[in-house]
Every structure is written in C-alpha cells, then in structure tokens.
Amino acid sequence: MGATARRGGSPQNLPGLNAYGVPTSSLSRGTSQTHLTNLDDRIRVAVRKRPLSRKEVKRNEVDICVVQSSQRLVVNEPKVKVDLTRYIDEHDFVFDETFDADADNDDVYRRTARPLVEYMFQGGKATCFAYGQTGSGKTYTMLDAENGLYVKAGKDIFRLLQRPEYRGLQAHVSFYEIYQGQLYDLLNGRKKLFAREDGKSRVVITGLQEHICSSLAGLMQAFQHGAHARSTGATGANADSSRSHAILQIVLREEASPRPRGKLSFIDLAGSERGADRGDTDSKTRIEGSEINKSLLALKECIRALDQDQKHTPFRQSKLTQVLKDSFTGNSRTCMIATISPGIVNSEHTLNTLRYADR
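Numbering (full-length UniProt numbering), first residue to last: 1 to 359.
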C-alpha cells in the first residue's frame, strides 16, 4: 500500500483530530467487515497501535500516532530546523487494516487471522506474523497465553473439526524457533533441526516433532511447554525480550494419510530495533541482533518480490525465509501485522516499522 509524508503541518490541522484537538480514533472500524473473507490478496498488511503504557503516561509521553480510519494512519513526527524552529513532519500511511489503541485481540483476529483459518480449511497454506520493535505488542498479539491470535484461531479450528464435512481430519501441532540461524524444536527439548529441500524443491524440516491435539486445551498446553523453552534475554528495550523467531504450526491431516490438507502458521518475530537501541553491550547480544536484522531484511525482500510477482524470490538469503518458502508459494495467503508504539520517544522505530510494512 502507499505512504506519503507532508511537511510543515500542525497536529491541530489534521483531519484525524476534532475541534478540540482530540484524535478521532478508528472512525470506520466496522466498514472492514465487507472484505472480511476476501482471500484474493496473497499478502495483506495490518498495523496495530498499542496504548501508552502506565510508565509512559506517568512521564507525560505524547501520543503521535493517529488512526484516522480502518485503513489510514498518520504519524506526527516533531522536528527542529537548523534555526531551532519547531515543526511537525506528517507521515501518512495506508494499509489493508489499521487498529487503534482501543482495539482488542478479538477485533484484530476477526480482520486478520480468522479469514486464514477459513482458507486453511479450504486446503490452503496460511501464515500470520507480527513485526515490530521490542515492547510494541508482537508477542501479546500473536502468542499471549489467553488472548493471543493462536488461541482464538484454535477455538475456531477445533469447532470446525467437529463438523461432519471435516470428520477424519486431525490437528498436528509443531513449535520451533530460529535462533542465530539455527532451528530448535521447542516441543522436544530444543533438539537441533535441519531444513532441507526435497526433490520437488519443497523445504522439509528434518526431525521436527508434530503432536496431535484434539482440543484447544491440548493446543494451549503444547504452546506453554514450548514457550518456556524459547530463547529470551534482557535488553535495553525489554527485560524479557524475544531473541529468536518462533513459529507455531497447525497442520490438518487425515488420520490415514500424511499429506497435509491445510496449514496455518503463527510467527512471532524477534524485535526489529537496532543493536544500540536494544542495549547490546556484549558480543553475544550483538551477534544475536545482527542475525535478527539480517533475517528481517531477507523477509522484507521476499515479501516485496512476491507482492510484485517477480520471477525470482530470494528465499535462501536466511534460515527464516528458507523455512517459510512453503508458506509463501503456491496456494498460500499471508497476513503481516506490524505493531507500533505510539509515544514520541519511539517515533523513529515506529516510522521504521511502518516503512518496512509498506509494500
């Protein structure tokens, strides 16, 4: 989607503010229901703005992000000229979906992942992933233990599996992480895994264990087991920051056949900020940060190539894009959720995230 920037404006003149200077947040959220099940687009991009945290409110942090409609977002970036004159640089973005700070995970699920569940049961491959700086709400959106999108998708998946037309299908669950370019099975003691291409150029993750789940409780139990094994560490941005990319996969298979009948993957990407902003003070965290940023750049290039229908997509540039090749090709659908922090102190990170998400 497109993005433009207008210079020299004032927040009071924005159409997203009313006469009293109050943001008119997410004016037409309900209008998106008209394209709720539109699965024609191979790649859809949504942006979610989180609320200001208690700490941010306490220090009088300014909210510079205005959600003007279900698809439009404006960032009011304060700047200072050489002569010390202050001005506002207005950045205008348009995406497939935008969510204001008052949107809950039910809202986000209805407009992002629920259509992917439908597509999965049609025999397709679907992927939903979150991108953004540490602390912007990625993990809460995707993998929160009680309200994450994977939980809401799980409810629908096991409800649909009760229907007569899907009798005989089972949900096979796997959960692994990519840490410093290596794959580890989070449901099997972090056993090291290997990604290889078979004779049909399909990527196979050798040794990855799948667990049959017959209920939402079973799915949540498997997730909790894997989440405890995931690589995290304290950074300057977050006391418990994800230092790896985590991939939770749900594959539909018939009891008597190993052939997948549909697949849905939820991906929680590691934080996107620069090493200096993460507080990477030792060699280990610097190496982690370098590998994270390399894989995120490769992912962006693959998404751009797919969106523009380029003949060659550079899947082999990183382990992340290599294992996602199957999720991005053929009868696949992808939804990217870019999560942003609204505070003025995070303006650079927020703009970087939005530019990354802008196709």
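Quick reminder that beta carbons are idealized off the backbone N, C-alpha and C, glycines included.
This one's a predicted model, so the numbers in the text were calculated from it and none came from an experiment.
Taking the Cα of S272 as reference, the smallest distance to any Cα among R261, I292 and T285 is reached at I292.
It is roughly 9 angstroms from the alpha-carbon of L208 to the alpha-carbon of Y184. Secondary-structure assignment with DSSP links R196 through a beta bridge to V204. Here R42 really is in contact with L306; their C-beta atoms are around 7 angstroms apart, less than 8 angstroms.
Comparing alpha-carbon positions, the option among Y87, I337 and G343 lying closest to R355 turns out to be I337. A145 is positioned such that its CB atom lies no closer than 9 angstroms to that of F266. L143 and L52 have their C-alpha atoms roughly 20 angstroms apart. Annotation for R111: the continuous alpha helix (DSSP H) segment containing it runs N105 to R111. Here A126 carries a strand assignment [DSSP, helix/strand/coil]. A direct Cα-to-Cα measurement between P260 and Y87 gives close to 55 angstroms. The criterion of a C-beta distance shorter than 9 angstroms is satisfied by H245 and L269. If you draw a 10 Å sphere on the C-beta of F194, you find fewer than 16 other C-beta atoms in it, and that means exposed. With a contact defined as Cβ atoms closer than 8 angstroms, Y179 and S231 qualify at about 5 angstroms. Residue burial is scored here from C-beta neighbours: G199 has fewer than 16 other C-beta atoms within 10 angstroms and is therefore classed as exposed. Between the beta-carbon of F95 and that of A357 there is about 7 angstroms, and that keeps the pair under the 8 angstroms contact cut.
Residue pairing by DSSP places Y176 opposite D185 and I247 in a beta bridge. For I292, there is no enclosing beta strand (DSSP E); the residue is part of the alpha helix (DSSP H) that begins and ends at S283 to D307.
If you compare the alpha carbons of E118, D40, G137 and K58 with that of S242, the shortest gap goes to G137. Between the beta-carbon of A46 and that of P342 there is about 16 angstroms, and that puts the pair past the 8 angstroms contact cut. F95 carries a coil assignment under DSSP once its states are collapsed to helix, strand and coil.
For T339, there is no enclosing alpha helix (DSSP H); the residue is found in the beta strand (DSSP E) stretching over S332 to I340. Here S215 has F158 as same chain residues with Cβ atoms under 7 angstroms from its own Cβ, once five neighbours each way along the sequence are excluded. With respect to the 9 angstroms criterion, R196 and T206 are classified as neighbours on the basis of their beta carbons. Membership of V75 in the beta strand (DSSP E) is indicated by the continuous run R72 to V80. C-alpha of D92 to C-alpha of R111: approximately 22 angstroms in a straight line.
G218 sits in a helix when the DSSP states are folded into three classes. If the five residues before and after I344 are omitted, its C-beta is found closer than 7 angstroms to the C-beta atoms of E61, V62, I64 and P78, all from its own chain and listed in chain order. If you draw a straight line from the Cα of G154 to the Cα of N331, it is about 22 angstroms long.
Listed in chain order, the non-local C-beta contacts of A171 below 8 angstroms within the same chain comprise I157, F158, L161, I212, C213, S214, L219, I250, V251 and L252, local neighbours out to five positions each way being set aside.
No residue range can be given for P314, since it is assigned to no beta strand (DSSP E) and is classified by DSSP as neither H nor E.
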